[in-house]
Each structure stands twice: as structure tokens, then as C-alpha cells.
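Quick note on the numbering used here: the sequence shown kicks off at 90 and runs consecutively. We put the beta carbon where it would ideally sit given N, CA and C, even for glycine. Predicted, not measured: the structure shown is a model, and the values here were computed from it. Input: a single structure, listed below in C-alpha cells.
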Amino acid sequence: MRIIADLHLHSYLSRATSKSFVLENIYKWAQLKGVQVVATGDFTHPLWFSQIKDKLEPAEDGLFRLKSEYCQAIDTQIPTSCASGAPSRGEVRFILSSEISSIYKQGGKVRRVHNLIFAPKIDDVANIRKILEGIGGNLNADGRPILGLSSRNLLEIILNVNPQAFLIPAHIWTPWFSVLGSKSGFDSIEECFEDLSSHIFALETGLSSDPQMNWRLSMLDRFSLVSNSDAHSPEKIGREATIFNTDLSYNAIFNALQTKDGEGAPPALEGTIEFFPEEGKYHMDGHRKCQMMLVPKATRENHGLCPVCNKPVTIGVMNRVESLADRQPDVMPQGVKPYHSLIPLIEILSEIHDCGVNSKRVQKAYHDTLAALGPELKILMDVSLEDISRKHSPLLAEAISQMRCGRVQLDAGYDGEFGTARVFQEIKNYELKIKNEEKKRGEELS
């Protein structure tokens, strides 16, 4: 069974998140995007945990569904083409998860590492919460609590609660808050998790890197690479995700991550859905205040300083990857999983209509497109170009064709500024190239 999973998102109780980020809207947007398994996020927060217990009920082993009384009002808002229960879709399932911000001192340096934790049972979550509260964690302050607890000790806590609980280091390259980040991270997973490193079997690559960048480090070969949205609003669910081909259960997902393949063929861990990493807000080095973006070579030549103000720049993901890499960029290690680099549909439609993603025109076009063609990720990856052209427009079909081929114009993000990925300049360049080639052939024939 093919399952698209988004294992990292938040609730309205985390900082800088949408007030609409409630379980009902997670259920809704998972269907619109084509995501079957979603994280609950934020289970450490007492109010969110209470809502999880009230609104979700057990489904398959270790997974949960939204109770029917909460589904009814939402179901009327879902196009038939996207609805749970449609022939090509299963019902949305929730997996119990939370993100922890660990800030602590290790190796003579202050470390700031974000980790995702998962558990199969409500009782497990209750026990984890009790332990974290007992060591001084203020779980009421934020859906993603800040704890003075090392990553290694956090892992030990969840393993003692249930050996089937697991931890995935989040967005591992982000400069400020990650296990390999340039500002406060480590130089290896083993340095961070010490004697418990063998219990780390999956890493989240984050929006600013893609699998190919991570393939440059042989020390990461043993890990499953996963991608997730880290959504702070329901509309962002599925902007990155992980594809499984396995049974619908917590244990099946756990085993697929732990072994990379699980049992049988095809592989249980099929691949990932990615941003173009240039879209991530920490892909390149830079200094946002001066609107200065630098490639790693330029940063080195300028001794890590901003050419405008002479203050230190934020070292981005590409630079950090290069500093730890032991392979060239074009090397593909054995056994790696394929990935799909996508531009969100709303951004493509924004280009087509030449107005903002939040405009009424683009919002209507987005929902009309879903009604005609199905969930967003299916449109971007699987729907035939012929169907897109016939049911929507040749222009959208051409844009998606260019995106699938990687013919996009990229302006890289840096120092907290998101980058951009566009298709229409590339379409114009491609059309001009074809015309020039046809003109040249015509001249040769004459």
C-alpha cells in the first residue's frame, strides 16, 4: 500500500503558528494535499494532549483517526476527488508525535537541537509528559517546549517508556537549531547521541537540503532520510513528505524507517517529496539585514563576513554540507531512495494568474483544480499531462511538465529568507531554445 506521510507539523499552540491549526483542519488539508498519515504534533502541551484524547480514537495498530462527529462538518468541504474513502484514497490517520527543543551544554559548547519524538500509545505519551514535567520542563509554554535536556537523555527517556518509541533529529542542517547545524550543532550523529546512537535510524533533511546533498556524507549512509513539512499552518501540510509502501500501521512505518526497506519488495520506504532546496530559508549563506546572499566560496573568500556591513553572515546548509562532505556532488551511493522535487501547486497557479497566493483569484483556482484533478500531490506527481491539459489548461500542464523535468528558475534562500522556484521563465527559455533550433535547422536545409 502506498502511503504518503507527513511526520512533522505543529498545532496552534506552538509559537508562530496559525490559529486555524486544529485537528479538524489537519484532517481537512491532509485530504486536499493527498497525505494519508499525519503527525499530531505538540503532544507534550497539556491542552493539545487533551484535544488529542478527546477528538481522536484508535484505528490501525498505533495509529489514530478523527472521531466521526468531528469529521462531519469538514467532509462537506472536501471535493469528491480528494475525499477520504474515494477509490484512490484511504482515510487520514494520525501518528502521535511532538517536537522538543533541547538547549544544553555539551563538549564545552551550547547546543540547540530540535528532535521529533514518536510513540504508539496514548499511555506512552502520558508517561513521557510526566517525566518531562518532573525534570522541570514547562510544557504549558509552547507546543514545542524548550528543555535543558540533552538529545541523548531525551532519547533514553522515550526508549525507557517504550522501546517502540523513536526519535528523529529534525531538519538536521538548520543553522540555529539542529544536530548538524553550523551555529550550535555537532559534527556527527554519534557525537550528539553518544552510546545511544544506534537507536537513531532516520534523519529529517529539512526544507533547505535534499537527499542528494546528504548523499555527499558517507557517515549518513546508514540512516533513512525522511522529509516532512514542519508546517506552521494547515495549508503547508505535505509541502515535503515521505512515501512508504507498506501496511497502514505504526509498526510498519517504524520497521520501514529502521531497516530502510522493511520486509519484501518493493521497498517499504519508497522515497521522499521535496522542496527544491534553494527554496529553503537557510540554503545559502547570507545576511538578511543587508539583503546579501553568498555562495560558500564567496563566504570563504570574505572570511565569513558580510561584504556590506562586515559582520558575520549566517552559514547556510549548502556551506555546512560542503564542510563535512567526503564525496563529490554527483556521487549516488548504493541503495539510496528516489525523490520528487516539487513546487507547491498554489505557487504555480500564482504565476499563471500573476497575483499573490492569498488572492481570491488564486485561491479559487486552487480549489477548482483540486475538484477537477484530485489531491495536490497527485496532480504534481502522477496525473498525466494530457489529463491536466484537458481538465484544466495546457498552460498548467506545461508548467508541471517543466517542474517534473527540473527546468525551474531558482533564487536561493538565506539567513531566514525563503527562496523562490519559478517555472515560467524556464518555459520561455525552453520555447526560445526550440524556436532557435528550428530556425537553425531551417537555415541549414535551405
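Checklist entry - Can the beta-carbon of D95 be found less than 8 Å from the beta-carbon of A357? => result Along the sequence shown, one-based indexing puts residue 95 at 6. Along the sequence shown, one-based indexing puts residue 357 at 268. Cβ atoms of D95 and A357: not closer than 8 Å.
Checklist entry - To which residues of the same chain is P422 closer than 7 Å at the C-beta, ignoring the five residues directly before and after it? => result As a first step, residue 422 is located in the sequence shown; it is residue number 333 there, counting from the start. Closer than 7 Å at Cβ, skipping near neighbours: W304 and D310.
Next on the checklist: Rounded to whole angstroms, what is the Cα-Cα separation between K210 and G151?
Outcome noted: Stepping through the sequence shown from its first residue, residue 210 is reached at position 121. Stepping through the sequence shown from its first residue, residue 151 is reached at position 62. Rounded to the nearest angstrom, the two C-alpha atoms are 6 Å apart.
Item to check | Beta-carbon proximity list for A488, same chain, < 6 Å, skipping 5 on both sides | outcome: Here residue 488 refers to the residue found at position 399 of the sequence shown. Apart from sequence neighbours up to five positions away, the residues of its chain that approach A488 with a beta-carbon distance below 6 Å are I437 and V512, ordered along the chain.
Checklist entry - Out of curiosity, what's the CA-to-CA distance linking G353 and P433? => result As a first step, residue 353 is located in the sequence shown; it is residue number 264 there, counting from the start. As a first step, residue 433 is located in the sequence shown; it is residue number 344 there, counting from the start. Confidence at G353 is low in this model, with a pLDDT of 49, below 50, so the placement of that residue is unreliable and no value is reported for it.
Item to check | Sequence ranges, alpha helix (DSSP H) only - wholly within the segment 370–440, length at least 4 | outcome: DSSP runs (the alpha helix (DSSP H)) wholly in the segment 370–440: 385–390 and 406–413.
Next on the checklist: Using 8 Å for Cβ pairs, my map puts V410 next to G375. What's the rounded Cβ distance?
Outcome noted: Taking the first residue of the sequence shown as position 1, residue 410 is located at position 321. Taking the first residue of the sequence shown as position 1, residue 375 is located at position 286. With 8 Å as the limit, V410 and G375 do not qualify as a contact, their Cβ atoms being about 16 Å apart.
Item to check | Unbroken beta strand (DSSP E) run spanning S187, endpoints | outcome: Here residue 187 refers to the residue found at position 98 when the sequence shown is read from its first residue. Taken as a continuous stretch (DSSP letters only), the beta strand (DSSP E) holding S187 covers R182 to Q195.
Checklist entry - So what's A148 in DSSP terms, helix, strand or just coil? => result To locate residue 148, count along the sequence shown from 1; it is residue 59. Reduced to three states, the DSSP call for A148 is coil.
Item to check | the segment 257–275 / the segment 190–201 touching (three or more Cβ pairs under 8 Å) | outcome: yes
Checklist entry - Using a Cβ-Cβ cut-off of 7 Å (strictly less than) and excluding sequence neighbours within five positions of F333, which residues of its own chain qualify? => result Against the sequence shown, residue 333 aligns to sequence position 244. The residues are I92, A94, I342, A345, A357, L358 and E359.
Item to check | V406 burial status per 10 Å Cβ neighbour count (16 or more: buried) | outcome: Translated into the one-based positions of the sequence shown, residue 406 becomes position 317. Buried is the call here.
Checklist entry - CA-CA distance, D143 and L306? => result Within the sequence shown, the letter at position 54 stands for residue 143. Within the sequence shown, the letter at position 217 stands for residue 306. Those two C-alpha atoms are separated by around 44 Å.
Item to check | Alpha-carbon to alpha-carbon, F110 and I189 | outcome: In the sequence shown, residue 189 corresponds to position 100, counting from 1. In the sequence shown, residue 110 corresponds to position 21, counting from 1. Distance between the alpha carbons of I189 and F110: 19 Å.
Next on the checklist: Suppose only complete runs of 4+ residues qualify. What are the alpha helix (DSSP H) ranges in the segment 316–352, listed by chain order?
Outcome noted: Every unbroken stretch of the alpha helix (DSSP H) spanning 4 or more residues and falling wholly within the segment 316–352 is given here in chain order: 339–348.
Checklist entry - Excluding sequence positions up to five away, which residues of its chain have a Cβ less than 8 Å from the Cβ of G351? => result Taking the sequence shown and counting its residues from 1, the one referred to as residue 351 is at position 262. Residue placement at G351 is poorly supported in this model, since its pLDDT is 47, which falls under 50; the coordinates are not used for a value here.
Next on the checklist: What would DSSP say about K108, mapped onto helix, strand or coil?
Outcome noted: As a position in the sequence shown, residue 108 is number 19, starting the count at 1. Coil.
Checklist entry - Which of the three DSSP states, helix, strand or coil, is assigned to R496? => result Locating residue 496 in the sequence shown gives position 407, where the first residue counts as 1. R496: coil per DSSP, three-state reduction.
Checklist entry - Using CA coordinates, which residue listed in I261, S267 and P366 is at the minimum distance from Q301? => result The residue given as residue 301 occupies position 212 in the sequence shown. Q301 has its Cα closest to that of P366, out of I261, S267 and P366.
Item to check | Length of the line joining the Cα atoms of C171 and E283 | outcome: Stepping through the sequence shown from its first residue, residue 171 is reached at position 82. Stepping through the sequence shown from its first residue, residue 283 is reached at position 194. The straight-line gap from Cα to Cα measures roughly 45 Å.
Next on the checklist: Given this structure, state the Cα-to-Cα distance separating Q125 from K400, to the nearest angstrom.
Outcome noted: The residue labelled residue 125 in the question sits at position 36 within the sequence shown. The residue labelled residue 400 in the question sits at position 311 within the sequence shown. Q125 and K400: Cα-Cα distance of roughly 46 Å.
Checklist entry - Apart from the five residues just before and just after G226, which ones in its own chain have a Cβ nearer than 7 Å to its Cβ? => result The residue labelled residue 226 in the question sits at position 137 within the sequence shown. Once the five neighbours on either side are set aside, the close Cβ partners of G226 are P234 and L236.
Checklist entry - Between which two residues does the alpha helix (DSSP H) containing L469 stretch? => result On the sequence shown, position 380 is the one that residue 469 refers to. L469 -> alpha helix (DSSP H) spans E465 to M470.
Checklist entry - Buried or exposed: which applies to S267, given that a residue is buried once 16 or more other Cβ atoms fall within 10 Å of its Cβ? => result On the sequence shown, position 178 is the one that residue 267 refers to. When all chains shown are included, S267 counts as buried.
Item to check | beta strand (DSSP E) segment containing K219, residue limits | outcome: Looking up residue 219 in the sequence shown gives position 130. Here K219 belongs to no beta strand (DSSP E); instead the alpha helix (DSSP H) covers I211 to G223.
Checklist entry - Assuming L256 and L205 make a contact with CB atoms under 8 Å, what is their CB distance in whole Å? => result Looking up residue 256 in the sequence shown gives position 167. Looking up residue 205 in the sequence shown gives position 116. About 7 Å separates the two Cβ atoms, so the contact holds.
Item to check | N- and C-terminal bounds of the alpha helix (DSSP H) containing L474 | outcome: Taking the sequence shown and counting its residues from 1, one reaches residue 474 at position 385. Segment L474 to K480, the alpha helix (DSSP H) holding L474.
Checklist entry - Taking the DSSP output, what are the residues bridged to S313? => result Against the sequence shown, residue 313 aligns to sequence position 224. Paired residues: A291.
Checklist entry - CB S186 to CB F132, shorter than 8 Å? => result Position 97 of the sequence shown, counting from 1, holds the residue named residue 186. Position 43 of the sequence shown, counting from 1, holds the residue named residue 132. Going by C-beta atoms, S186 is nearer than 8 Å to F132.
Item to check | N-terminal and C-terminal residue of the beta strand (DSSP E) that V446 is part of | outcome: Along the sequence shown, read from residue 1 onward, the residue named residue 446 stands at position 357. Premise fails: V446 is in no beta strand (DSSP E) and is neither H nor E.
Checklist entry - From S286 to E279, what distance separates their C-alpha atoms? => result Position 197 of the sequence shown holds residue 286. Position 190 of the sequence shown holds residue 279. So the two alpha carbons sit approximately 5 Å from each other.
Checklist entry - Around the C-beta of G445, are 16 or more other C-beta atoms found within 10 angstroms, so that it is buried, or is it exposed? => result The residue labelled residue 445 in the question sits at position 356 within the sequence shown. Residue environment: G445 is assigned as exposed (fewer than 16 neighbouring CB atoms within 10 Å of its CB, all protein chains considered).
Item to check | Contact check, L98 vs S318, beta carbons under 8 Å | outcome: For the purposes of this step, residue 98 is taken as residue 9 along the sequence shown, with counting starting at 1. For the purposes of this step, residue 318 is taken as residue 229 along the sequence shown, with counting starting at 1. Yes, they are a contact pair.
Item to check | Segment limits, beta strand (DSSP E) that includes P258 | outcome: By 1-based counting over the sequence shown, the position of residue 258 is 169. Here the beta strand (DSSP E) through P258 covers F255 to P258.
Next on the checklist: Please state the DSSP three-state secondary structure of K453.
Outcome noted: Reading the sequence shown from its first residue, position 364 is the one you call residue 453. Helix, per DSSP.
Item to check | Span separating the alpha-carbon of R104 from that of G270 | outcome: As a working note, residue 104 is residue 15 in the sequence shown. As a working note, residue 270 is residue 181 in the sequence shown. Cα to Cα, the separation comes out at about 21 Å.
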